[in-house]
Amino acid sequence: MIEILHKITQERAQDITQKGFALGHNVPQSRIHPLIKPKLDSTFFIAEIKRASPSHGDLSKIDEPIKLAQDYLNGGAGAISVLCEERHFKGSLADLMAVKSAYPNACILRKDFIQYPQEIEISYCAGADMVLLIAAMFINEDKGFIHLQAIYEECLKYGITPLLEVHTQKEIDFIAPLNPTLVGINARNLHTLEIDIIQACALKSAITSTLPHTQVMFESGINSPHSAFIVGSFGFSGILCGSYLVAHNNPTRALQSLKNAFLIGKNQQPRFYRYTFPTLTRHNIESTKIESAQVGDSQILLKVCGITNLDNALLIAEEATKYQHKITFMLGFILAQNSPRFIESKRIKEISKALHSLYPHILRVVVVKDDKNALNEAKTLYEQGHIDAIQLHGLDSLTPHTFAHIPLKEATFCFYGVQNIAKAEDFIADYEGAFCLVDSQSAQGGGSGKRIDTNVLCHLKERYLCIAGGISADNINEFLSLSPTMLDISSGVESVPGVKDIDKIKMILHTIESYQAKKASSH
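Counting from 6, one number per residue, gives the positions in the sequence shown under my numbering.
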């Protein structure tokens, strides 16, 4: 995308040289329609009119952008984003003027690759109420900040609201002196074109700490109500969504579903993603600032699964707390009745209350298999605040977006899935959820002590490698050498099924600490 971005800006510069700042369109000499400020309420959604993109190719013909804009407004859009770049996104200023003319009291965003201060006057006269300014276009340019600042100040001069787009911590630091009112974090990696919702959400806290009065939008990567729920849980001001809505056969209903899920996440404020995402991003080249002081500099997620009694849970929690700034710790409870580590909901509640009181930093996860009753029981525990997330064990490779007959794309609770694999080809990359745990295949379906071949794990293309299956103090270094983001241990630290050996857990924790120290000293 960096190369595409460079190509787009070069082509636009040539087009502007040949056609002028209006790119050949008949833009009024003065503004005709009222200037509408965005109402940044608790669910400010910008719905986008987009025909194509470099990452997706052609999306939709959109012969009637005015009709699509009406669908969005009916769905509760706070603003309409109109792609105006012509070569790669197949939009134009003509689309923007048509939409603004049809809905003069709607807030309209000019989504484009603005390069010059003179383009702001054109945007104003064309009817734009907002414009997108992309930090990545200026950050590596000689006198890039001065250039961006000139465009930004031109926006303020005309009363247009600029939306500053960032992708990285470096870009946040770059735009910070502008003290912008509105910033959008784009989840698309400019180098790979891949979406990384985890990294984008983790960056939210960096903006909040650097620019406490700035409203923060989430851009790109929204492909379901569940993804909107995740974003809402981080307290974003809203979402800019295009591809998902454009491709939907009912954009009004789709937008309403996204808004509802987003608001549920925002009202719930579940801590699971806010605790785990910063830890997951530690494996990225560019680290983010941590939102919760309790998370510290944790570089790995560690879950001890199959807890069956309170005393055992408290002993483990006490030991894990010594490492809380290095390891984000989870305890798992199994709600599968055929498991030797099964525990009833009543006992989970008792243990959860004690953990919440004594060790509130430790996350609590319930594990269920493909059983609707068990899943509903787990959801009740989640809704009552006894657990932080649900682990969905045994996703079906044929229907990875459904579990226990429930569509995961609609889920408004914290979860992650588990895929049982024997070879790399068994893994389905198109799963719902922010990340996925991989476990071995066994008749028991988990907790068998059977491990996945490390050669198989090496061939997985997962950005966030989360591993379960046969991990013990004897072999943990083999798994650590793969730089996993999460390890899930159960039978490998037991004296008997369901009872954890605290000495084995101490060895695991010490080994992880030693590995992290060795890794840090090598950099």
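Beta carbons: idealized from backbone N, C-alpha and C, even for Gly.
From the options, pick the residue whose C-alpha is nearest to that of residue i; which is it?
i	options	result
residue 38	50, 28, 101 and 132	132
residue 186	198, 168 and 179	168
residue 218	210, 224 and 412	210
residue 78	308, 111 and 240	111
residue 207	198, 194, 216 and 190	190
residue 179	305, 161, 142 and 163	142
residue 160	445, 203 and 137	137
residue 414	362, 520, 267 and 114	267
residue 513	523, 503 and 494	494
residue 24	101, 124 and 94	124
residue 409	393, 402, 378 and 430	378
residue 324	520, 107 and 510	510
residue 18	81, 121, 48 and 82	121
residue 464	440, 431 and 318	431
What number of angstroms, rounded off, separates the C-alpha of residue i from the C-alpha of residue j?
i	j	result
residue 144	residue 436	35 Å
residue 135	residue 462	46 Å
residue 372	residue 419	12 Å
residue 270	residue 236	7 Å
residue 73	residue 67	8 Å
residue 407	residue 358	31 Å
residue 400	residue 98	46 Å
residue 446	residue 426	5 Å
residue 594	residue 473	Residue 594 lies beyond the range of the chain shown here (6 to 528); nothing can be said about it.
residue 307	residue 485	12 Å
residue 243	residue 51	8 Å
residue 15	residue 128	20 Å
residue 170	residue 140	6 Å
residue 274	residue 390	11 Å
residue 466	residue 375	26 Å
Would you call residue i buried or exposed, if buried means 16 or more other Cβ atoms sit within 10 Å of its Cβ?
i	result
residue 258	exposed
residue 256	buried
residue 381	exposed
residue 184	exposed
residue 525	exposed
residue 205	buried
residue 151	exposed
residue 196	exposed
residue 293	Because the pLDDT at residue 293 is just 39, under 50, the model does not fix this residue reliably, and the point stays unresolved.
residue 92	exposed
residue 297	Residue confidence is low: residue 297 scores 37 on pLDDT, short of 50, so the model does not pin down where it sits. No coordinate-derived value is stated.
residue 31	exposed
residue 480	exposed
residue 61	exposed
residue 404	exposed
Could you round the C-beta distance between residue i and residue j to whole angstroms and report it? I think they count as a contact, below 8 Å.
i	j	result
residue 460	residue 516	Residue 460 to residue 516, Cβ: 22 Å. No contact.
From which residue to which residue does the alpha helix (DSSP H) around residue i run?
i	result
residue 152	149–163
residue 252	248–252
residue 483	481–485
residue 256	256–273
residue 49	No alpha helix (DSSP H) contains residue 49, which is instead part of the beta strand (DSSP E) from 49–54.
Answer with yes or no whether the minimum CB distance from residue i to chain C is below 9 Å.
i	result
residue 179	Annotation note: the requested chain C is absent from the structure, which comprises a single protein chain.
Terminal residues of the continuous beta strand (DSSP E) containing residue i?
i	result
residue 308	305–310
residue 68	Note, residue 68: premise wrong, no beta strand (DSSP E); not H, not E.
residue 378	Segment 377–388 is the alpha helix (DSSP H) holding residue 378; no beta strand (DSSP E) there.
Does the ligand NAD have a heavy atom nearer than 8 Å to the CB of residue i?
i	result
residue 245	The ligand NAD is absent from the structure shown, which contains no ligand whatsoever.
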